Structure formats: C-alpha cells, structure tokens
C-alpha cells in the first residue's frame, strides 16, 4: 500500500496532469482551428466559425483574431487614405486567395466551401 505521503504525491501529479491537459486544449491556434474545419475565412474579410454552435474556445479565438484584423485594417486605411470598406474588401480577397486546400471559406451567399 502507498503511504500517506505517496498518495499525496500521486494526487498532486494527477491534478497537475489534468490542469496541463486543460491548458493545452485551450491553446487552440488559428491554424489548428482552420485545419480542423472549425474556423474559416468569412465573406466579410474576417474569420468566422464554420459550425453553427461553436465552443467557447472557438468563439474566443474568432473574436481575438477579428479584433487584431480590425486594428490592422484601420491602420492600413489611415496610412493609405482608403476607406475601411476598401481595405476590408482587399483583405477578404487576399484571405480567400491564401486559403489552403482543405480549409473553408465563405461564398458571397454565405455558404461554407472547402477549398
């Protein structure tokens, strides 16, 4: 049988293992989400969930990515004396062009297509 000390060490190791697994699962990158078909390039110049009911992790990743894109679009707009709509349209076209085979993009009508 294990001593009280050994049981405590095993219990601590199990807790750390569970916490590490949870953190690893939460660290979903945009690339991984696209590879898994969870996120695609939307017809708006931003990313969106391909699924109708995304997980909280996917929603957060979409929100974070789109916030960064919006800031980038605003910066480009100001630097080049362009409207945000013009910059977003350029971003949308570039994102669709750069979409890798097997990844999703959204058509003008809102349909998700695997490239």
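Residue numbers (mature numbering (1 follows the signal peptide of the UniProt record, and there is no 0)): -27 to -1, 1 to 88. Idealized CB from N, CA, C, for every residue including glycine. Remember, it's a predicted structure, so these values are computed and weren't measured experimentally.
If the five residues before and after residue 6 are omitted, its C-beta is found closer than 7 Å to the C-beta atoms of 12, 31, 34, all from its own chain and listed in chain order.
The distance from the Cβ of residue 28 to that of residue 3 is about 15 Å, inconsistent with a contact at the 8 Å cut-off. Sequence-distant Cβ neighbours of residue 62 in its own chain, meaning closer than 8 Å and more than five residues away, are 18. Here residue 75 is not near residue 46, since their CB atoms are 8 Å or more apart. Annotation: the continuous alpha helix (DSSP H) that includes residue 50 extends over 29 to 52. According to the DSSP assignment, residue 69 belongs to the alpha helix (DSSP H) that extends over 57 to 71.
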